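Respectively, the protein sequence lines represent chains A and B.
The opening position of the first sequence corresponds to residue 515 in this note's numbering, with each subsequent residue numbered one higher.
The opening position of the second sequence corresponds to residue 136 in this note's numbering, with each subsequent residue numbered one higher.
Idealized CB from N, CA, C, for every residue including glycine.
These figures come from a predicted structure and were not determined experimentally.
Okay, structure first, notes after.
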Amino acid sequence: MSPAGNEKRLKNRVRELRIKAGLTQEQLGISTELTRQSVIAIEKGRFTPSVATALVLASALATTVDDLFWMEKKEHE
Amino acid sequence: MKRELIVYYITRLLISAVFALLVYLSGWPLWACILTGSPMFILFLYYAHSGHYLVDPDHPFTPLRRDARGQAIRDRSLVWAVVIAGLLYTAIQLLGLFIETGVQLRTLVLPAAILVYFTMTWVLFRRGIQ
Chain A
515 MSPAGNEKRL KNRVRELRIK AGLTQEQLGI STELTRQSVI AIEKGRFTPS
565 VATALVLASA LATTVDDLFW MEKKEHE
Chain B
136 MKRELIVYYI TRLLISAVFA LLVYLSGWPL WACILTGSPM FILFLYYAHS
186 GHYLVDPDHP FTPLRRDARG QAIRDRSLVW AVVIAGLLYT AIQLLGLFIE
236 TGVQLRTLVL PAAILVYFTM TWVLFRRGIQ
């Protein structure tokens, strides 16, 4: 658990790079052995993929894991 | 409709038809059989096209596969189902110390566990799992 005020959440560019690659969610899922719903969940930040899945996603989108995922500090009101 | 699921469609239609026939042979009227078989086949179709399963064309009779997220959701739902079943059974046993519950209440444990499993699966698929 992070100290108060230092909470971060995982962000990603999966949707952006998928669209740039001209792939549908289903097509990206097939190439990465993920279901369409899992791709949706990853894009919306509802599912954190494993390292292996992140590597496969990055490879399918012709990028690196660092470029695809990053931690962003949560903003508190 | 997907071509690679043709065998799946046919086999699930047959399974639904056989189930409806069993309902009919046990004395229920025709409308009850249709009301039983149709939702079953619709559910089979929904499962195949929900986007929650991968399709493995090498196994035409059982083509649907869960991915890593689906397996994690299945495992967590199973844990919930087992825990709830255990708690419910314990509660019924304790209740039986004070009042006559009979065998009937204990028969609810398995249906309750199945209900919890499918409910948790639905919730986790919708809400997400981390």
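Legend entry - Span of the beta strand (DSSP E) around A:K525: K522 to N526
Legend entry - Sequence-distant residues of the same chain with beta carbon closer than 6 Å to B:A226, five excluded per side: none
Legend entry - Segment contact flag, the segment 543-557 of chain A with the segment 177-192 of chain B, C-beta cutoff 8 Å, min 3 pairs: yes
Inset, instruction - Could you please tell me which residues of the segment 551-582 of chain A, in chain order, have their CB closer than 7 Å to any CB of chain B? - result: Q551, S552, A555, R560, F561, T562, S564 and T567
Legend entry - Local conformation of A:K534 per DSSP, three classes: helix
Inset, instruction - Might you give, ordered along the chain, the residues of its own chain that have their beta carbon closer than 8 Å to the beta carbon of A:A507, omitting 5 neighbours on each side? - result: Outside the displayed span of chain A (515 to 591) sits residue 507 of chain A, for which this structure offers no information.
Legend entry - Reduced DSSP category for A:T577 - H, G, I as helix; E, B as strand; rest coil: coil
Inset, instruction - Run the proximity test for A:L569: is its beta-carbon closer than 7 Å to any non-hydrogen atom belonging to the ligand PLP? - result: The ligand PLP is absent from the structure shown, which contains no ligand whatsoever.
Inset, instruction - Report the three-state DSSP secondary structure of B:M136 (helix, strand or coil). - result: coil
Legend entry - Contacting positions in the segment 187-198 of chain B - beta carbon closer than 8 Å to chain A: H187, Y188 and L189
Inset, instruction - Identify, in the order they occur along the chain, each residue of the same chain with its Cβ nearer than 6 Å to the Cβ of A:K587, setting aside the five sequence neighbours on each side. - result: K522
Inset, instruction - Show which residues of chain A have a CB atom less than 9 Å away from the CB atom of B:A183. - result: Here the premise fails: no neighbours, minimum Cβ distance about 12 Å.
Inset, instruction - Return the residue from the list A:N526, A:I556 and A:K525 that minimises the CA-CA distance to A:I540. - result: Looking at the sequence provided, one finds Glu at residue 540 of chain A rather than Ile. Per the Cα distances, A:I556.
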